[in-house]
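K.L.:
Residue numbers (the UniProt record's numbering): 1 to 208. Where a beta carbon is used, it is the ideal one built from N, C-alpha and C, also for glycine. Please see the structure below; I have some questions.
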């Protein structure tokens with residue numbers, strides 16, 4: 001697959017970061033608190049990985065540390081956000097052109113936050129998007145929240161990637177399989193193949 005180019009047309013830096021949040025979390029399914037507590041040093045562009053070790057507090061929700069692979073459009077969005085953080089958020093005077101993977105390994109930058117987004121900023125823009133789309137029925141659309149992307153990712157891993165529950169549990173950062181299963185929502189097409197005994201193999205016997 002060739003290089004993926006992401007072009008975002010907005011002059012508002014916060015809205016631009018919100019788009020990156022959506023792209024990245026559509027692939028990784030991070031808890032929102034995990035996302036806005038990411039630091040530049042959590043990324044490894046040599047191995048193309050991200051290590052999640054913080055959430056609302058000094059650790060993740062269940063104290064599990066996990067490392068996730070980065071690829072495709074998610075990796076490209078991560079690189080754009082890293083460059084944005086280093087050159088715009090912190091106005092660092094880097095050599096041009098600079099090598100991104102070298103800069104994020106700089107110990108002086110490792111503790112800098114990955115994004116300027118906060119819980120309130122994310123929720124405000126998410127709700128604004130829902131209003132724009134006309135999703136005003138609270139009962140029907142109440143599940144369309146930033147956290148809902150975790151459910152989307154878990155369901156995609158089960159239906160498209162065909163991952164088993166243990167692998168999904170590890171990716172999502174859960175401690176038990178039952179929690180992960182609560183995040184998986186399958187449609188009829190997901191269970192159609194091999195989902196039932198082939199009716200042609202059944203011999204019917206009339207009761208006489």
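Count the CB pairs spanning the region 88-107 and the region 55-72 that are closer than 8 Å, and state whether there are at least three.
P.N.:
no
K.L.:
Identify every run of the alpha helix (DSSP H) within the region 100-135, keeping only runs that are complete inside it and at least 4 residues long; order them along the chain.
P.N.:
If only uninterrupted alpha helix (DSSP H) runs of at least 4 residues are considered, those enclosed by the region 100-135 are 100-103, 119-133.
K.L.:
Taking residue 77 as the reference, which of 143, 43, 140 has the closest Cα?
P.N.:
43
K.L.:
Would you check if the region 34-42 and the region 105-117 touch, i.e. whether three or more CB-CB distances between them fall below 8 Å?
P.N.:
Contact between the region 105-117 and the region 34-42 is present, because at least three Cβ pairs lie under 8 Å.
K.L.:
Please determine, among 86, 149, 123, the residue with the shortest C-alpha to C-alpha distance to residue 24.
P.N.:
149
K.L.:
What do you get for residue 173, buried or exposed, if any count of 16 or more other CB atoms within 10 angstroms of its CB means buried?
P.N.:
buried
K.L.:
Spatial neighbours of residue 126 within its chain, please: C-beta separation below 6 Å, excluding the five flanking residues on both sides.
P.N.:
146
K.L.:
Could you tell me how far apart the beta carbons of residue 86 and residue 103 are, in whole angstroms, since I believe they sit closer than 8 Å?
P.N.:
Correct: roughly 6 Å between the Cβ atoms.
K.L.:
Ordered along the chain, which non-local residues of its own chain (more than five positions away) have a Cβ less than 8 Å from that of residue 52?
P.N.:
The answer, listed in chain order, is 30, 34, 38, 42, 60, 65, 66, 67, 68, 173.
K.L.:
Quick check on DSSP: helix, strand or coil for residue 66?
P.N.:
strand
K.L.:
Taking the C-alpha atoms as reference points, what is the distance between residue 135 and residue 108?
P.N.:
44 Å
K.L.:
Taking residue 48 as the reference, which of 82, 56, 19 has the closest Cα?
P.N.:
Closest by alpha carbon: 82.
K.L.:
In chain order, which alpha helix (DSSP H) runs of at least 4 residues are fully inside the region 138-198?
P.N.:
Annotation note: the region 138-198 contains the following uninterrupted alpha helix (DSSP H) runs of length 4 or greater, listed N- to C-terminal: 138-141, 148-159, 165-172, 177-181, 188-192.
K.L.:
So, under 8 Å CB-CB, residue 159 and residue 190 are touching, yes? Tell me the CB distance rounded to an integer number of Å.
P.N.:
Contact between residue 159 and residue 190 holds, with the beta-carbon distance rounding to 4 Å and staying under 8 Å.
K.L.:
Span of the beta strand (DSSP E) holding residue 50?
P.N.:
49-52
K.L.:
Is residue 43 helix, strand or coil when you go by DSSP?
P.N.:
strand
K.L.:
Report the three-state DSSP secondary structure of residue 90 (helix, strand or coil).
P.N.:
Residue 90 sits in coil when the DSSP states are folded into three classes, being neither helix nor strand.
K.L.:
Going by beta-carbon coordinates alone, are residue 122 and residue 32 separated by less than 8 Å?
P.N.:
yes
K.L.:
Under the three-state reduction of DSSP, which class applies to residue 60: helix, strand or coil?
P.N.:
Collapsing the DSSP output to three states places residue 60 in coil.
K.L.:
Apply the 10 Å Cβ neighbour rule to residue 187 and answer buried if 16 or more other Cβ atoms are within range, or exposed otherwise.
P.N.:
exposed
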